[in-house]
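Data first, discussion second: the structure below is written as C-alpha cells.
Protein chains in written order, with our numbering: chain Z, 739 to 918; chain E, 739 to 918.
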C-alpha cells in the first residue's frame, strides 16, 4: 500500500493513473515548514507522515507553487496564502508591471519509505495573463500555457500537461526501475 | 540562564533591558512552520529549541511580521520572504491602491521551560506610507507611527514604541509575577 497524504480525493485518483491501484488516501496533518524550496517542505512532510502511517508502508506528500520569474519566484511556496490574501487580480497586476511575464507551476512529490526520502519535481512553464476561463482553481485563470489558460482547459487537457502529473510520472519511473 | 534563540546580538541586548543579564544568545536553527499565526510559529520553535538548549534552562524565540489591514494581514508571517522578493515599494503600492492604509507590526515572544510554552504579543499600530528615512531595516521606511516612519526614528525612539519591546515587557511582567 502507498499512502498519499492529502485531503483531496481527486489527487488520489490522479496518482492511481500513474502509480496503480495500491494508492490510498491518508488524511494526516503534517507540519509544513517555511522554506524557499518546495522539495524541502515536501521531504520533511513525508518523513513526518511516514512515522504516523499505518504499518511499514511508504507515503507520498506533494507541494505545489506558482513561481513568477520577474518576482524572483514569488509567491512560490506561499502561493496558497498569497492567493487567499491578495487574490489573482493583484498578483496579475504585479506581474503586468514587469517586462517579463514568464512563470512556472511546480509540484514536488516526496516519497518516503524505510530507506529514506526521494523527491520528484514536475514543471509547467507559461505566462501570466489577465484572468480567462471558468475551470480549475487557484491561479489557473491567469496561467497561460500554449495559448490557453489552465482555467480554459478541461481537466483532461490540464492533467496532460500538468506539473503534478509530470512529478508523479517521474516517481512511477523511479519505482519501476527500482523494482527490476 | 535564559537562552534567546537568535543570530542577532542586538536583539539579545534589547532583551537584557527587560529581562536582566541572565539572557544569553543561542544560535540554533529551529524549523519555522507555515501558519497564519505568529504565536503558533514561535511556540513550536521554542519547544524545539528547548530540547536542544544546554542544561534544563528556559529558551525564548521571537517572530515578527507586518500585518496590513486592507490585505487581510498580508504579508504577516511571511514578511521577510515578501520583503526579499517584492521589496517595500511594491508592498507600498499594493496598499496605496486600497482605501484603508492601516497596518500593525507584531512580535510574538515564546518562552519555553519544563512547564510548557507561554506566548506574549506586542503590537505597534501605524499607517503604510511612501518610503521615508534611512534608519531601521525591512519595512521601517514605509511604516509611519505618530507622524514619523520607523526609519526616521533613532533606535532609542523606535525601541520605546516597538512591538518587540512590548512583547518582552509582557514576558518580564509574567516572570516577575510567577517568581513572587
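Where a beta carbon is used, it is the ideal one built from N, C-alpha and C, also for glycine.
In chain Z, which residues lie less than 7 Å from residue i when you measure between Cβ atoms?
{"i": "residue 830 (chain E)", "result": "By Cβ distance, chain Z contributes nothing, its closest Cβ being about 13 Å from residue 830 (chain E), past 7 Å."}
{"i": "residue 816 (chain E)", "result": "816, 819"}
Would you grab the beta carbon distance between residue i and residue j for me? Rounded to a whole angstrom, and I think it's under 8 Å.
{"i": "residue 745 (chain E)", "j": "residue 765 (chain E)", "result": "6 Å"}
{"i": "residue 757 (chain E)", "j": "residue 909 (chain E)", "result": "7 Å"}
{"i": "residue 882 (chain Z)", "j": "residue 865 (chain Z)", "result": "5 Å"}
{"i": "residue 798 (chain E)", "j": "residue 880 (chain E)", "result": "Wrong, their Cβ atoms sit about 28 Å apart, outside the cutoff."}
{"i": "residue 862 (chain E)", "j": "residue 900 (chain E)", "result": "6 Å"}
{"i": "residue 800 (chain Z)", "j": "residue 777 (chain Z)", "result": "Rounded, the Cβ-Cβ distance is 11 Å, inconsistent with contact."}
Kindly indicate which residue of the options has the alpha-carbon position closest to the one of residue i.
{"i": "residue 843 (chain E)", "options": "E:817, E:833, E:825, E:829", "result": "E:817"}
{"i": "residue 871 (chain Z)", "options": "Z:855, Z:862, Z:893", "result": "Z:893"}
{"i": "residue 835 (chain E)", "options": "E:821, E:805, E:867", "result": "E:867"}
{"i": "residue 808 (chain Z)", "options": "Z:793, Z:815, Z:833", "result": "Z:833"}
{"i": "residue 846 (chain E)", "options": "E:898, E:840, E:907", "result": "E:907"}
{"i": "residue 762 (chain E)", "options": "E:751, E:769, E:917", "result": "E:751"}
{"i": "residue 877 (chain E)", "options": "E:821, E:883, E:854", "result": "E:821"}
{"i": "residue 795 (chain Z)", "options": "Z:772, Z:854, Z:912, Z:884", "result": "Z:854"}
{"i": "residue 770 (chain Z)", "options": "Z:874, Z:860, Z:786, Z:759", "result": "Z:786"}
{"i": "residue 916 (chain E)", "options": "E:811, E:856, E:831, E:748", "result": "E:856"}
{"i": "residue 806 (chain E)", "options": "E:905, E:910, E:830", "result": "E:830"}
{"i": "residue 748 (chain Z)", "options": "Z:914, Z:779, Z:875", "result": "Z:875"}
{"i": "residue 849 (chain E)", "options": "E:753, E:784, E:773, E:790", "result": "E:784"}
{"i": "residue 760 (chain Z)", "options": "Z:740, Z:777, Z:773", "result": "Z:740"}
{"i": "residue 858 (chain Z)", "options": "Z:788, Z:839, Z:902, Z:884", "result": "Z:902"}
{"i": "residue 904 (chain E)", "options": "E:802, E:772, E:884", "result": "E:802"}
{"i": "residue 823 (chain Z)", "options": "E:828, E:814, E:810", "result": "E:810"}
{"i": "residue 815 (chain Z)", "options": "Z:789, Z:887, Z:772", "result": "Z:772"}
{"i": "residue 788 (chain Z)", "options": "Z:837, Z:767, Z:838, Z:851", "result": "Z:851"}
{"i": "residue 782 (chain E)", "options": "E:813, E:743, E:755, E:869", "result": "E:743"}
{"i": "residue 860 (chain E)", "options": "E:819, E:791, E:898", "result": "E:898"}
{"i": "residue 767 (chain E)", "options": "E:790, E:838, E:911", "result": "E:790"}
{"i": "residue 896 (chain Z)", "options": "Z:812, Z:754, Z:873, Z:813", "result": "Z:873"}
{"i": "residue 828 (chain Z)", "options": "Z:885, Z:884, Z:869, Z:911", "result": "Z:869"}
In chain E, which residues lie with their C-beta within 9 Å of the C-beta of residue i?
{"i": "residue 811 (chain Z)", "result": "823"}
Check the Cβ of residue i against every Cβ in chain E and list those closer than 8 Å, keeping chain order.
{"i": "residue 786 (chain Z)", "result": "Chain E residues near residue 786 (chain Z): none, gap ~10 Å exceeds 8 Å."}
Tell me the residue span of the beta strand (DSSP E) that contains residue i.
{"i": "residue 850 (chain E)", "result": "840–851"}
{"i": "residue 762 (chain Z)", "result": "761–764"}
{"i": "residue 743 (chain E)", "result": "740–743"}
{"i": "residue 867 (chain E)", "result": "Here residue 867 (chain E) belongs to no beta strand (DSSP E), and DSSP marks it neither H nor E."}
Start and end of the alpha helix (DSSP H) containing residue i?
{"i": "residue 798 (chain Z)", "result": "That residue, residue 798 (chain Z), is in no alpha helix (DSSP H); its beta strand (DSSP E) goes 797–806."}
{"i": "residue 756 (chain Z)", "result": "747–757"}
{"i": "residue 819 (chain E)", "result": "817–823"}
{"i": "residue 783 (chain E)", "result": "776–790"}
{"i": "residue 882 (chain Z)", "result": "Careful: residue 882 (chain Z) lies outside any alpha helix (DSSP H), inside the beta strand (DSSP E) at 881–883."}
{"i": "residue 917 (chain Z)", "result": "901–917"}
At 8 Å on the CB atoms, spell out the chain Z contacts of residue i, in chain order.
{"i": "residue 771 (chain E)", "result": "769, 770, 771, 772"}
Report yes or no: is there a C-beta of chain A within less than 7 Å of the C-beta of residue i?
{"i": "residue 747 (chain Z)", "result": "Chain labels in this structure do not include chain A; the protein chains are Z and E."}
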